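One structure is given here, and the rest of the page talks about it.
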Amino acid sequence: MKTSDKKAVYAIASDRCNNNCVFCTDFSSADLRDNRSAVEKLDSRPGGRRIVFTAAEPTLNPKLFPLIDEAVRLGYGSIAVITNGRMLAYRDYCARLLASGVSEIIVSLHGARPQIHDSITGVAGSWAQTVGGLSNALALRSPASKVEISVNATVNALNLAHLADLKSYFLSLRGLKNIVFHGLLPAGRGRINWRHLSVRYSQLVSALVTDSGPWPVNVRVWDVPLCVAAPRIPETACEFALNKTEMIGAGGSFADIRSGKTGLAQCRGCSGFSVCGGVYSRYLKTYGASEFHAL
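If you read the sequence shown in my numbering, its first letter stands for residue 933, the second for the next number, and so on.
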């Protein structure tokens, strides 16, 4: 098995979205725009790998269920769908997705209150639909179901002050597999709006670590350098895109949009560099390198 065969495959499964998120990465490259339509040909060498249907909003693609059927037929070990959850507010659709053969449904929610979430998505009423969809997914999943329900949120200047509330809300929901907080990617609208949306990694960590109790085992942080997270967030709770994802579209494999990281002098000899990959160049231009050190 080739090294790339061990990666999770992120399949671009739609060219439509009913949100208008201020940090959306779907506009980050010509390759992504060209290949953002339904994936007609999935990787035929899954080797038990995980496949994640994503971008823009997979549930708006009428071919999503045939794509899931094909992923099942090919033998993917895990099949996930990342969604804004709004279609899940329709109980029939939610029940159909739960029974489709997926292993995990990941719902994106960026605020514990409608004012925050809706200001990020650019759509009034999106919070209510997303929360309704998340509630449906948790309620309609049968006790014997192997489908996992997870949530994610992208941390930015619009929700930074309210992260503790969002974390508490997520932890209050029974049945969630993973709760993931993403660092902002300097790509697409995240690049265009970087000056207004970006926050220091140290601010993100401080906003999430609000007490001295043990870190919740199902809360994870994505793409925040280990040296900034440690020791307040356990290394086991930190995840990175580097060497773990491969993007595919109708035209075949293409470069992951999570690029633009650079290694620093202080990264030399760091035990976490092989997974972390350094710091985004755009971040360094904005905030400098004082937060980072080798582990």
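Glycine included, each C-beta is placed from N, C-alpha and C at the ideal position.
Nothing here was measured: the structure is a model prediction, and the numbers come from that model.
Of all alpha-carbon atoms in T991, A1161, K1099, the one lying nearest the alpha-carbon of M1019 is that of T991. A residue is called buried once 16 or more other Cβ atoms fall within 10 Å of its Cβ, and K1217, having fewer, is exposed.
Looking only at S1130, R1132, P1148, the smallest Cα-Cα distance to K1109 is reached by P1148.
For H1114, the enclosing beta strand (DSSP E) has its first and last residue at 1108-1114.
A residue is called buried once 16 or more other Cβ atoms fall within 10 Å of its Cβ, and N1088 is buried on that count.
Between L1227 and A1161, the gap from beta carbon to beta carbon reaches 8 Å or more. Relative to the Cα of T957, the nearest Cα in the group G1122, S1035, R1005 belongs to G1122. Per DSSP, W1147 is not a residue of any beta strand (DSSP E), being assigned neither H nor E. A1161: member of the alpha helix (DSSP H) spanning 1158-1161, first to last residue. For N1084, the three-state secondary structure derived from DSSP is strand.
Sequence-distant partners of G1210 (beyond 5 residues in either direction) whose C-beta falls short of 7 Å from its own C-beta, in its chain, are K1193, T1194, G1195, L1196, C1199.
By the 16-neighbour rule on beta-carbons within 10 angstroms, R1152 is buried.
Between the C-alpha atoms of D1143 and A1003 there is a straight-line separation of about 42 Å. Counting only runs of 3+ residues, the beta strand (DSSP E) found wholly inside the segment 972-1040 occupies 982-986, 1010-1015, 1036-1040, in chain order. With distances taken between CA atoms, S976 lies nearest to G1009 out of T1053, N1125, G1009.
Distances from the CA of S1222 to each of V1083, R1132, S1104, R1023 were compared; the closest alpha carbon is that of R1132. If you draw a straight line from the Cα of T1168 to the Cα of K1099, it is about 18 Å long.
One Cα belongs to N950, the other to V1207, and the distance between them is close to 33 Å.
In this structure, A1012 lies near R982, with their beta-carbon atoms less than 8 Å apart. Between A1060 and P1046, the beta carbon gap of about 6 Å places them in contact (Cβ cut-off 8 Å).
Judged by their CB atoms, S1040 and I1014 are nearer to each other than the 8 Å cut-off. The C-alpha of P978 lies about 37 Å from the C-alpha of L1095. With at least 16 other beta carbons inside 10 angstroms of its own, H1042 counts as buried. Within the segment 1113-1138, the alpha helix (DSSP H) runs of at least 4 residues that lie entirely inside it are, in chain order, 1121-1124, 1126-1129. In this chain, the alpha helix (DSSP H) harbouring V1207 covers 1205-1208. Non-local beta-carbon contacts of C1170 in its own chain, meaning distances under 6 Å to residues more than five positions away in sequence, involve V1153, L1158, A1161 in chain order.
Put simply, of S946, I1000, I1081, D1024 the residue whose alpha carbon is nearest the alpha carbon of T986 is S946. Excluding residues up to 5 positions away in sequence, V1087, Y1133, L1136, W1154, D1155, V1156 lie with their Cβ nearer than 7 Å to the Cβ of G1115 in the same chain.
In this structure, V1112 sits near N1084, with a CB-CB distance shorter than 8 Å. An exposed status is given to G1057, since fewer than 16 other beta-carbon atoms sit within 10 Å of its beta-carbon.
In the DSSP assignment, A1069 falls within the alpha helix (DSSP H) that extends over 1058-1072.
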